[in-house]
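Encoded as structure tokens, the structure appears first; notes follow it.
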Amino acid sequence: MSVTEGHSGPSRSRPAFHAEWDDQRNCWALFESSSASSDEGKWHFLVEKPQHDQTRCSGCGRSILAHQLRVGYPVLDSFSAYGVKTAYHHEHCLPNDVFQALGDLRDACRGRSGRRLVLWLAAHVHGWQKLSEEEGAQLTRGFRASLACDSEACDPVRTTPGKDLSGAPPTNSHIPVSSLLEQRPKMPC
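When you line the sequence shown up against full-length UniProt numbering, it's residues 1 to 189, in that order.
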């Protein structure tokens, strides 16, 4: 099952947040259980540092480098042994489907206090306890940036916060325009 994004990218599988994390197999799996409606203590995401630079982000298509965090969540996949596979993203490249499926996450990201989001992430992200304080803050900022980037005003090409990788010429906003004009060579008429 796939959903086609309008103008912002290729088709992608829908999140399968009804899948459960299997600690023995170290993967997501679809289990038939009566507790499917219970959201208490259920992992929705996996966070870790990749072992290599060959993991590609499902959001932007760029490599997730070994020093970065990768966030994985289950998506339906009929070719997988357990019916789901893990889609990996940069922490700031999560798609809007995630926030639509998890309303409490969306509300926590929109809230003024970061404490509510940190508590939600601690309860629903497998690997949160292994993160340093700085990495936890980075993950929190990334989730908020993902939600903000899914607004209509955001460029569909996702970039790392603070970096412009869109190919547009760099802007010199910190240099006064008058000094740039003075440095320009004069052309003979």
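Don't be surprised by glycine CBs; every beta carbon is placed ideally from N, CA and C.
ask   = So, using beta-carbon positions, are residue 91 and residue 69 closer together than 9 angstroms?
value = Result yes, Cβ atoms of residue 91 and residue 69 sit closer than 9 angstroms.
query = Exposed or buried, residue 79, counting other C-beta atoms within 10 Å across all chains shown (16 or more means buried)?
reply = Classification for residue 79: exposed.
message = Can you tell me whether residue 49 is helix, strand or coil according to DSSP?
response = DSSP places residue 49 in coil when its eight states are reduced to three.
query = How is the alpha helix (DSSP H) around residue 101 delimited, first residue to last?
reply = First-last of the alpha helix (DSSP H) with residue 101: 96–101.
task = Express the C-alpha separation of residue 110 and residue 139 in angstroms, rounding to a whole number.
result = Inter-residue distance for residue 139 and residue 110 is about 15 angstroms (C-alpha atoms, whole angstroms).
task = Leaving aside the five residues before and after residue 93 along the sequence, list all residues of the same chain whose C-beta is less than 7 angstroms from its C-beta, in chain order.
result = If we look at residue 93 and ignore the five residues flanking it on each side, its Cβ neighbours are 57, 59, 60, 146 and 158.
request  = Would you list the residues sitting across from residue 86 in a DSSP beta bridge?
outcome  = Residue pairing by DSSP places residue 86 opposite 74 in a beta bridge.
ask   = With respect to the alpha helix (DSSP H) encompassing residue 79, which residues constitute its N-terminal and C-terminal limits?
value = Premise fails: residue 79 is in no alpha helix (DSSP H) and is neither H nor E.
task = Please report how far the alpha carbon of residue 168 lies from the alpha carbon of residue 141, in whole angstroms.
result = Here the model assigns residue 168 a pLDDT of 43, short of 50, so the residue's position is not dependable, and the following value carries that caveat. Rounded to whole angstroms, the gap between the alpha carbons of residue 168 and residue 141 is 25 angstroms.
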